[in-house]
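Using UniProt numbering, you'd call the opening residue of the sequence shown number 1 and step up by one each time.
The C-beta atom is built at its ideal place from N, Cα and C for all residues, glycine as well.
Worksheet: the structure to be examined is printed underneath.
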Amino acid sequence: MKITSVVIIYNAKLNESDTLKSILECHLESVELNICIWNNGPTLLDEKDISHFLLVCQEKKVSVEIYQDIRNLALSKIYNFFIKKNNFDLISILDQDSILPKEFLSNLSHYDDADILIPKIVTEIESNPIQIYPHEDGSKKIISEGKVKNKINSAMSGVTISQKFIKKIIKFRGAPFEERLAFYGIDSDLFREIGLMIDKGISINMYCKSQIIHSFSNFDPKEKNNKFRDMEIFYFKYFIRLKYQKKSVFSTLLILIKDLIRFKNSFLKTKNLVEFTLTGTHPRSKIDILDNFKSTHTQYRINS
């Protein structure tokens with residue numbers, strides 16, 4: 001089975017990524033693996049770091065494509081870019097700091113009928129490993145391994161989708177991932193859309209399989225006052241208001257003006273949200289990725 005693993009990195013070296021290290025430790029029985037790495041900035045990767053990573057992949061008989069654009073582009077656009085390349089049976093979406101079990105990839109190859117596979121996502125809270133995702137939509141009830149029959153919500157890391165599902169969701173809404181969102185909320189939007197597809201009678205075969213360990217900024221006290229994260233959460237809140245709840249632009253602008261007058265939001269946050277309200281698009285989503293955008297480094301699997 002051809003599996004593409006998409007790994008987005010930011011401000012990190014290849015040899016520092018827990019995700020990349022654990023991917024290369026995965027069992028690859030019945031798997032033809034292609035790792036697609038997107039370096040989203042803020043600087044280009046070190047050539048020595050790249051050379052060492054390519055050498056390890058060559059020894060493991062793993063194909064690699066490395067793309068670099070240091071403008072911190074919208075993740076939704078990066079995901080859709082790789083999906084358009086279309087040379088896989090399954091595609092897994094991963095970030096840079098997840099730890100995968102050795103059976104993660106080989107387990108995926110056993111689900112020929114799957115539209116989407118979701119891992120149990122565990123994080124440490126006060127030094128205790130706790131499963132956070134997936135859970136039932138609108139509830140905190142955690143989903144166990146097996147076939148998923150209810151509407152759910154989950155984080156993006158480790159989510160794996162098939163060509164069958166890609167065709168279904170493109171027919172339903174035009175693209176797998178919502179490109180008006182850039183960072184926060186892409187995962188929730190995807191699972192909301194899956195719920196809408198189910199409501200329309202579209203068959204979606206979902207399975208919860210495997211477990212990954214992942215760190216979440218919202219459970220890290222050091223991230224509580226992170227201005228970037230705070231802004232991203234607000235973008236998604238206003239996206240929900242405008243696109244899901246269908247509130248008018250005028251009423252939304254009135255709320256923003258009132259919150260500014262009451263000192264609930266800063267001038268900069270208000271300015272950003274006014275622009276988002278008027279355009280309906282995250283500022284990072286205005287940067288396009290051309291279909292013919294080339295990798296900086298490519299190495300294909302060599303069979304001995």
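Counting only runs that start and end inside the region 157-216, the beta strand (DSSP E) elements of at least 3 residues fall at 159-162 and 206-214. In this structure, L45 places its C-beta atom within 8 Å of the C-beta atom of L14.
Under the three-state reduction of DSSP, K120 is assigned to strand. A direct Cα-to-Cα measurement between I9 and T296 gives close to 15 Å. Each residue's CA atom was taken as its position, placing S285 and S22 some 30 Å apart. Secondary structure note for C57: its alpha helix (DSSP H) is the uninterrupted segment E47 to K60. Take the alpha-carbon of T43 and the one of I70: they are about 6 Å apart.
Assignment of Y10 by DSSP, reduced to helix, strand and coil, places it in the coil class.
With fewer than 16 other Cβ atoms from the protein chains shown falling within 10 Å of its own Cβ, K237 counts as exposed.
A straight line joining the alpha-carbon of Q299 with that of A155 spans about 30 Å.
Per DSSP, the continuous beta strand (DSSP E) segment holding Y67 begins and ends at S63 to Q68. Non-local C-beta neighbours of A12 in its own chain, meaning closer than 6 Å and more than five positions away in sequence, comprise Q96, ordered along the chain. When the Cα atoms are used, D115 and G195 turn out to be separated by approximately 13 Å. In the DSSP assignment, S92 forms a beta bridge with S5 and T160.
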